[in-house]
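J.:
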Amino acid sequence: MSAIDRTARDMPPATPGVKRIAEPRADERPGSNYLNNGYGWKSWLLTKDHKRIGILYLISISLFFALGGIYAGFIRLELLTPQSDLLQPATYNKVFTQHGIIMVFLFLVPSIPATLGNFLIPLMIGAKDLAFPRINLLSWYLLIIGAVFALGAMMYGGVDTGWTFYTPFSSTYSNTYVTATGIGIFVAGFSSILTGLNFIVTIHTMRAPGMTWFRMPLFVWAHYATSLIMILGTPVLAITISLMAFERVTRVGIFDPALGGDPILFQHLFWFYSHPAVYIMLLPGMGIISEIISTFSRKNIFGYKFVAFSSIAIAVFGFLVWGHHMFTTGQSVYAGLVFSFISYAVAVPSAIKVFNWSATLFRGSISYDTPMLYALGFLGLFTLGGMTGVFLAAIGLDVHVHDTYFVVAHFHYIMVGGTLLAYLGGLHYWWPKMFGRMYPEGWGRFSALVVFVGFNLTFFPQFLLGYLGMPRRYAAYPVDIPAFQVLHILSTAGATILGAGLVIPLIYLIWSLIGGPKAAGDPWMATGLEWRTASPPPTENFHETPVVTWNAYEYAPQEDMEVIGKTSPDDKPDRSSYSGA
Amino acid sequence: MATRVEDSTLIPAVHDTHANHRVAHHDPHTEDASGHHPALQHHFDNLEQQRDATTLGMWTFLVTEIMFFGGLFMAYTVYRVFNPEAFEAASRVLEIKYGAINTAVLIASSLTMAMAVYFSQIGNRKLLVAFLGLTMILGTAFLGIKAIEYSHKFAHNTYPGAVPFEVDHHVVEEYEREKGRPFPDINRVQMFYVIYYGMTGIHALHMVIGIIALGFLTFYGYRGAYSPEYNSPVELTGLYWHFVDIVWIFLFPLLYLIGRH
Amino acid sequence: MSEHIVQPKSYYKIFGALMVLTALTVVVAFFDFGALNDIVAMTIAVTKATLVILFFMHVFYSSRLTKTIVVAGFFWLAIMFVMIGSDYLSRGYVPRGITNYVERH
């Protein structure tokens, strides 16, 4: 079934006895939705509607992503040649720092939770809004204020510490705008805390009647786990950055051994947040993948509870492994062993997810729509990134490849191959819900393939580079190792393709807002509550509070779908071979 | 064309929230035309859900506060283990009377805050406002004593980044006489004061925020905004205030009382 | 979650206990218990904090969810202390295998 078939029909025929879409209330204009409910700038910038705030986030983080991408482009261009000819080494330091800060703090951390999570969580659990709409708006403003500080510092001259701000370089020696950037991250961190707080309270107290914990979509479970990390980890980052800034301003070395301090304490406190932050970025993506894979396999997710609890397990274990970033510092050998061992353990819940997704695909009625292509890409790339993560958890190998391009490739497989692909998949999947328009399916599939190819060409050579000994954060590399330049050129070529693959969706998604065919309430015939309302949803989400009587992902096998209405309930075809139950 | 199959239905809401609501509220003046309590926000079904949500929100926020102060306590612990003598010597420089009086003041303010919550629960507006005011006064007294203490320390150049960093020479002499060994490395003593000012400064900032919140509560409480049905702002500010008290309960022995023996 | 109204009488009792404990912690600070100094001080502080949490903050009468959140908050703080502490406490130790290796080479 092609997308055109789906979009051409206005609304699927209602099964007798099943009221699919809530009728508009009599006292309301038909077709009134959150997008046409007010047009002035105040109706957007002062909105308390979680859907509009989600759109505000979408626009702002897309801009941040573009900016971070431009910096990535400069890095790749510089590394085309062994000499530091395009950028001076000092400038190069600033460029990779800006790339990291923008991508981590302004794009990846808020990306999925603040846009899709914000938009979808109330819809998915049948609530009118998040629990604290004003705090939700405040958290967007905090992100923007944080971005103003961070980007303002960038315009004045930038930062060259790397996104990790290791002391004593950041606190004592760097002559760049560390404090202003630190303030920006501090403020953006509070945006993240408030988002997480809002999600936790919403999921606990705002669920519709009948929406039990184990009927919630896995997207919501993943966001719950993410929110736990946000509220438990981010405050520690805030205090750490404050201490660093305090040291910088007063010139009293908090992390200075001469005063009885310890620079490694900074790294401990920094990674206490920043390692779990990796899961802030990744877990929501895993939630998206659960939704997409079950929808486009027309199957219930395999092992729902395992997937749900593995999210929580990842959130908890994620807090116990940060020391694997510090194997080559003065951290004690025994602590390193403990951190190494627990790092292996995190692979278990991650693997549970991958196995369950694969089992969901098994004998499903798979359709290769754009979101599904992104999801399948995620599966492969996340597995690669995760497995190389297990390499890095081993102290012996980590000491060998520490601070090389192997590490860079590893976390880009997780962050780009994982989070970004999931984000794009989710954006395509829920685009019809968000804007009520379909995008051109053919272009969608094409761009998904281009992104996949471009991504692998960019980052796979970096594994090889790292293994050969190319250190990260260097503007120049030796000429007499020809493999270095060959691999860097491949990587830069891949980055070009990846960039093109990202521009295509930007164009057709914007085009679809005007020219796209109108989307039905449930264009993918999915089971989630968010599809039980109009596309785009009305301002209050549901005209009547929905009552949930079904589990998430109650997809019936294909042959049941074909024969619906023709057979009595007792006369169903044998479903034992399909349902996975 | 396949038709989607599910045993899902979308039936009208069975729980009439307004019905529950009317049973709970007898005073018609507190309800608007639609039967809603004026303090009920549109996206909540009823006041109970709203209170559950806001209470959970405040507790979740307090957990973030635990982690926020936790980072400072972690730094304190590590550096004290690194420099036990310097920390104990530095602690002797602080004046115990200010710390002890402030502890008493803060605990008293916690009591008055708890009483304010009680009077909001039983709907006694006069005593609610009185106890909120009392809590504000005690909070301000705490900050005043803290300011006196800070000014003494600044007068002796006992603050991080002072040129030169010094401590009161009477304490140094007394220490050397009593312990029979020289006063520890002044740089490491300074590290204690980095943490001291960091912790007490952030604690004082929380007090200021609390006092401002109490100011709003007093204003709205005086205007009669809180009733036995709707008093979560008082209760939640109370939670925050008690949390700030708890932080001080730990700061007092860790900063003032080590190295007195 | 029904609201439990705590009577002022129990607030006075808690207040009295907190004041007594404050006086106690000041007094014991002037005695030397050796390694137990900090343990005594922290025990008193934890007792005081527990009283405030349970009664002034009504956790004693609150839902299981609230109790879980409070415990989780302190548990995560404990994670931070234990994991970072495990590094600092074992800083001096080098496994025998490594020292042997270094000696042999």
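Chains as they are written, first to last, in the numbering used here: chain Y, 966 to 1546; chain Z, 612 to 872; chain D, 11 to 115. Note that CB positions come from ideal geometry on N, CA and C, so glycine has one too.
1) Residue range of the alpha helix (DSSP H) that residue 735 of chain Z falls in?
2) Quick one: using the 10 Å Cβ neighbour count with 16 as the cut-off for buried, is residue 43 of chain D buried or exposed?
3) Just checking: is the beta-carbon of residue 81 of chain D within a distance shorter than 8 Å of some beta-carbon in chain Y?
4) Using a threshold of 8 Å, state whether the C-beta atoms of residue 845 of chain Z and residue 727 of chain Z are closer than that.
5) Count the other CB atoms, across all protein chains shown, that sit within 10 Å of the CB of residue 969 of chain Y; report buried if there are 16 or more and exposed otherwise.
6) Please name the residues in the segment 76-105 of chain D whose beta-carbon is closer than 8 Å to at least one beta-carbon of chain Z, in chain order.
7) Which residues of chain D have a Cβ atom closer than 8 Å to the Cβ of residue 1285 of chain Y, listed in chain order?
8) Show which residues of chain Z have a CB atom less than 8 Å away from the CB atom of residue 15 of chain D.
9) So, at 6 Å on beta carbons, what are the nonlocal neighbours of residue 972 of chain Y in its own chain, with the 5 sequence-adjacent residues on each side left out?
10) Does chain D have any CB closer than 8 Å to the CB of residue 1453 of chain Y?
11) Taking C-beta pairs closer than 7 Å, name the residues in chain Z that residue 58 of chain D reaches, listed in chain order.
12) Classify residue 1402 of chain Y as helix, strand or coil using the three-state DSSP reduction.
13) Measure from the C-beta of residue 1232 of chain Y to each C-beta in chain D and report whether the shortest distance is under 8 Å.
14) Taking 7 Å as the cut-off, is the CB of residue 1323 of chain Y close to at least one heavy atom of the ligand NAP?
15) Below 8 Å on C-beta distance, what does residue 1201 of chain Y contact in chain Z?
16) Just grab the DSSP bridge partners of residue 1369 of chain Y for me.
17) On the three-state DSSP scale, how would you describe residue 1264 of chain Y?
18) Find out if the Cβ-Cβ distance for the pair residue 767 of chain Z, residue 777 of chain Z is shorter than 8 Å.
19) Compute the Euclidean distance between the alpha carbons of residue 1330 of chain Y and residue 1504 of chain Y, then round it to the nearest angstrom.
20) From residue 1443 of chain Y to residue 1432 of chain Y, what distance separates their C-alpha atoms?
21) So, helix, strand or coil for residue 1013 of chain Y, using DSSP?
22) Note down, in chain order, each residue of its chain lying with its Cβ closer than 8 Å to the Cβ of residue 1047 of chain Y, except the 5 sequence neighbours on either side.
23) Measuring only between beta-carbons, confirm whether residue 692 of chain Z sits less than 8 Å from chain D.
24) Quick check: the Cα distance between residue 26 of chain D and residue 60 of chain D, rounded to an integer number of angstroms?
25) Kindly indicate which three-state DSSP category residue 1318 of chain Y falls into: helix, strand or coil?
26) Is there a Cβ of chain D sitting closer than 8 Å to that of residue 848 of chain Z, yes or no?
27) Can you tell which of Y/996, Y/1040, Y/998, Y/1015 has its C-alpha closest to the C-alpha of residue 1458 of chain Y?
28) Rounded to a whole number of angstroms, what is the C-alpha to C-alpha distance between residue 1334 of chain Y and residue 1082 of chain Y?
29) Can you give me the Cβ contacts of residue 1247 of chain Y inside the same chain, cut-off strictly under 7 Å, excluding the 5 residues immediately before and after it?
30) Would you mind working out which of Y/1314, Y/1043, Y/1405, Y/1166 sits nearest residue 1282 of chain Y, comparing C-alpha positions?
31) For residue 77 of chain D, list the residues DSSP reports as bridge partners.
32) In its own chain, which residues sit with a C-beta less than 8 Å from the C-beta of residue 861 of chain Z, not counting the 5 before and 5 after it?
33) In the structure shown, what three-state DSSP assignment does residue 1093 of chain Y receive?
34) Specify whether the segment 1089-1101 of chain Y and the segment 1121-1132 of chain Y touch according to this definition: at least 3 beta carbon pairs, one from each stretch, less than 8 Å apart.
35) In whole angstroms, give me the CA-to-CA distance for residue 1405 of chain Y and residue 1411 of chain Y.
36) Provide the residue span of the alpha helix (DSSP H) that contains residue 1076 of chain Y, from first to last.
T.: According to the structure data:
1) As a position in the second sequence, residue 735 of chain Z is number 124, starting the count at 1. Residue 735 of chain Z -> no alpha helix (DSSP H), and no H or E assigned at all.
2) Numbered from 1 along the third sequence, position 33 holds the residue referred to as residue 43 of chain D. Exposed is the call here.
3) The count along the third sequence starts at 1 and reaches residue 81 of chain D at position 71. So no, residue 81 of chain D is outside the interface.
4) On the second sequence, residue 845 of chain Z is found 234 positions in, with the first residue counted as 1. On the second sequence, residue 727 of chain Z is found 116 positions in, with the first residue counted as 1. Yes; because the gap between Cβ atoms is below 8 Å, this pair is in contact.
5) By one-based count along the first sequence, residue 969 of chain Y stands at place 4. Confidence at residue 969 of chain Y is low in this model, with a pLDDT of 38, below 50, so the placement of that residue is unreliable and no value is reported for it.
6) 76, 79, 80, 82, 83, 84, 86, 87, 90, 91, 94, 95, 98
7) Looking up residue 1285 of chain Y in the first sequence gives position 320. What residue 1285 of chain Y touches in chain D: 89, 93.
8) Within the third sequence, numbered from 1, the residue matching residue 15 of chain D stands at position 5. Neighbours of residue 15 of chain D on chain Z, chain order: 729, 732, 733.
9) Position 7 of the first sequence holds residue 972 of chain Y. Here residue 972 of chain Y scores only 37 on pLDDT, less than 50, and its place in the model should not be relied on; the value that follows carries that caveat. Excluding sequence neighbours, residue 972 of chain Y sits near 1403, 1482.
10) By one-based count along the first sequence, residue 1453 of chain Y stands at place 488. So no, residue 1453 of chain Y is outside the interface.
11) Working through the third sequence from its first residue, we reach residue 58 of chain D at position 48. Residues of chain Z with a Cβ closer than 7 Å to the Cβ of residue 58 of chain D are, in chain order, 860.
12) For the purposes of this step, residue 1402 of chain Y is taken as the residue at position 437 of the first sequence. Strand at residue 1402 of chain Y.
13) Working through the first sequence from its first residue, we reach residue 1232 of chain Y at position 267. Taking Cβ atoms only, chain D never reaches closer than 8 Å to residue 1232 of chain Y, which makes this a no.
14) With respect to the ligand NAP, the structure shown offers nothing to examine, as it has no ligands at all.
15) Against the first sequence, residue 1201 of chain Y aligns to sequence position 236. Going along chain Z in sequence order, the residues near residue 1201 of chain Y (Cβ under 8 Å) are 678, 679, 681, 682.
16) Here residue 1369 of chain Y is taken as the residue at index 404 of the first sequence, counted from 1. Residue pairing by DSSP places residue 1369 of chain Y opposite Y/1436 in a beta bridge.
17) Start at 1 with the first residue of the first sequence, and residue 1264 of chain Y comes out as number 299. Looking at residue 1264 of chain Y - three-state DSSP - the assignment turns out to be coil, as it is neither helix nor strand.
18) The residue you call residue 767 of chain Z lines up with position 156 of the second sequence. The residue you call residue 777 of chain Z lines up with position 166 of the second sequence. Their beta carbons are under 8 Å apart, which means residue 767 of chain Z touches residue 777 of chain Z by this criterion.
19) Here residue 1330 of chain Y refers to the residue found at position 365 of the first sequence. Here residue 1504 of chain Y refers to the residue found at position 539 of the first sequence. About 35 Å.
20) Walking along the first sequence from the start, residue 1443 of chain Y turns up at place 478. Walking along the first sequence from the start, residue 1432 of chain Y turns up at place 467. Cα to Cα, the separation comes out at about 15 Å.
21) Position 48 of the first sequence, counted from the start, is the residue given in the question as residue 1013 of chain Y. Residue state, collapsed to three classes: coil.
22) Mapped onto the first sequence, residue 1047 of chain Y falls at position 82. The residues are 1441, 1442, 1443, 1444, 1449, 1450.
23) Here residue 692 of chain Z refers to the residue found at position 81 when the second sequence is read from its first residue. Output row for residue 692 of chain Z: interface = yes.
24) For this step, residue 26 of chain D is matched to residue 16 along the third sequence. For this step, residue 60 of chain D is matched to residue 50 along the third sequence. Going by the C-alpha atoms only, they are around 14 Å apart.
25) Taking the first residue of the first sequence as 1, we reach residue 1318 of chain Y at position 353. Correct three-state label for residue 1318 of chain Y: helix.
26) As a working note, residue 848 of chain Z is residue 237 in the second sequence. No, residue 848 of chain Z does not count as interfacial toward chain D.
27) As a working mapping, residue 1458 of chain Y is identified with position 493 in the first sequence. Ranked by Cα distance from residue 1458 of chain Y, the options Y/996, Y/1040, Y/998, Y/1015 are led by Y/1040.
28) Along the first sequence, one-based indexing puts residue 1334 of chain Y at 369. Along the first sequence, one-based indexing puts residue 1082 of chain Y at 117. Answer to the nearest angstrom: the Cα atoms are 22 Å apart.
29) Translated into positions along the first sequence, residue 1247 of chain Y becomes position 282. 1379, 1383, 1384, listed in sequence order.
30) Here residue 1282 of chain Y is taken as the residue at index 317 of the first sequence, counted from 1. Comparing Cα-Cα distances from residue 1282 of chain Y to each of Y/1314, Y/1043, Y/1405, Y/1166, the minimum goes to Y/1314.
31) To locate residue 77 of chain D, count along the third sequence from 1; it is residue 67. The partner list for residue 77 of chain D (beta bridge, DSSP) is empty, contrary to what the question assumes.
32) The sequence position of residue 861 of chain Z within the second sequence is 250, counting from 1. Excluding sequence neighbours, residue 861 of chain Z sits near 684.
33) In the first sequence, counting from the first residue as 1, residue 1093 of chain Y sits at position 128. In the structure shown, residue 1093 of chain Y falls within a coil segment according to DSSP collapsed to helix, strand and coil.
34) no
35) In the first sequence, counting from the first residue as 1, residue 1405 of chain Y sits at position 440. In the first sequence, counting from the first residue as 1, residue 1411 of chain Y sits at position 446. So the two alpha carbons sit approximately 10 Å from each other.
36) Here residue 1076 of chain Y refers to the residue found at position 111 of the first sequence. Residue 1076 of chain Y -> alpha helix (DSSP H) spans 1074-1077.
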